[in-house]
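*Asks:* Shown below is the structure under consideration.
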């Protein structure tokens, strides 16, 4: 009987603390998803991207483009394409950069972090396989060889305004 009393009083002592802990509101993870916040981040990343672009060898292939004008409309409309294109830049392009400096690594990590936030804030349906335009971009990228990395980096000044445009126009529909 005395054991039951001790156990019950012990549980009664613990339960109110659990209720207090459980009743605290969870920290908001959606703060990073505000359009204005993401838009400011992409503005800052664009400036960093231009410095990053200046730190690598210039693009010597002038007659070939990875990101064409018609690709922009697909980027704006297709979540799958947008996710795959950002993944291509983060993994295939920046992942193959030979010997990045500390400053370059900082940009790469910031860009990857932004990509994760964008995917979190604007989730896509499960991936159904690589889209043909991404396959075309990757084929061209790898066909160019080592210069493909510098070609893709030179086109960051095309990609970042697309992202900004998406956040300003399409992204506002989610709020």
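Numbering (mature numbering (1 follows the signal peptide of the UniProt record, and there is no 0)), first residue to last: -23 to -1, 1 to 152.
Even for Gly, the Cβ is constructed at its ideal location relative to N, Cα and C.
Which word fits residue 131, buried or exposed, when buried means at least 16 other C-beta atoms lie within 10 angstroms of its C-beta?
*Replies:* Answer is buried; the Cβ neighbour count reaches 16.
*Asks:* Report buried or exposed for residue 114, applying the criterion of at least 16 other Cβ atoms within 10 angstroms of its Cβ.
*Replies:* Classification of residue 114: buried, given that the 10 Å Cβ count is 16 or more.
*Asks:* Using the beta-carbon count (16 or more within 10 Å), is residue 68 buried or exposed?
*Replies:* Exposed: under 16 other Cβ atoms inside 10 Å.
*Asks:* Among the candidates 13, 95, 21 and 58, whose CA atom is the shortest distance from the CA of residue 83?
*Replies:* Of 13, 95, 21 and 58, the residue nearest in Cα terms is 21.
*Asks:* Just mark residue 133 as buried or exposed, buried being the case when its beta carbon has 16 or more other beta carbons within 10 Å.
*Replies:* Buried, by the Cβ-count rule.
*Asks:* If contact is defined by three or more beta carbon pairs under 8 Å, each pair taking one atom from either stretch, is the segment 75 to 94 in contact with the segment 37 to 57?
*Replies:* The segment 37 to 57 vs the segment 75 to 94: no contact.
*Asks:* Could you give the distance in angstroms between the alpha-carbon of residue 60 and the alpha-carbon of residue 77?
*Replies:* If you take the alpha carbons of residue 60 and residue 77, they lie about 24 Å apart.
*Asks:* May I ask you to report which of helix, strand or coil DSSP gives residue 122?
*Replies:* It is coil, neither helix nor strand.
*Asks:* What's the call for residue 111, buried or exposed, on a 16-neighbour Cβ count within 10 Å?
*Replies:* Buried is the call here.
*Asks:* Alpha helix (DSSP H) containing residue 102: first to last residue?
*Replies:* Per DSSP, residue 102 belongs to no alpha helix (DSSP H) and is neither H nor E.
*Asks:* Is residue 48 helix, strand or coil when you go by DSSP?
*Replies:* Reduced to three states, the DSSP call for residue 48 is helix.
*Asks:* Roughly how far, in whole angstroms, is the beta-carbon of residue 128 from the beta-carbon of residue 121, given that I think they are within contact range, below 8 Å?
*Replies:* Right, their Cβ atoms sit about 6 Å apart.
*Asks:* Find out if the Cβ-Cβ distance for the pair residue 95, residue 16 is shorter than 7 Å.
*Replies:* It is not a contact, given that the beta carbons lie outside the stated cut-off.
*Asks:* Compute the beta-carbon to beta-carbon distance between residue 71 and residue 92, rounded to the nearest angstrom, for a pair I have assumed lies under 8 Å.
*Replies:* That belief does not hold up - the Cβ atoms of residue 71 and residue 92 are roughly 10 Å apart, past 8 Å.
*Asks:* Starting from residue 159, follow the alpha helix (DSSP H) in both directions and report where the run begins and ends.
*Replies:* Within the shown structure, residues of the chain are numbered from -23 to 152, placing residue 159 beyond reach of any answer.
*Asks:* Can you name the start and end residues of the alpha helix (DSSP H) that residue 137 belongs to?
*Replies:* Where residue 137 is concerned, the enclosing alpha helix (DSSP H) stretches over 133 to 142.
*Asks:* Could you name the residues of the same chain whose beta carbon sits closer than 7 Å to that of residue 56, not counting the 5 residues immediately before and after it, in chain order?
*Replies:* Same-chain partners within the cutoff: 99 and 101.
*Asks:* Along the chain, where does the alpha helix (DSSP H) that runs through residue 60 open and close?
*Replies:* Element bounds for residue 60: 56 to 64.
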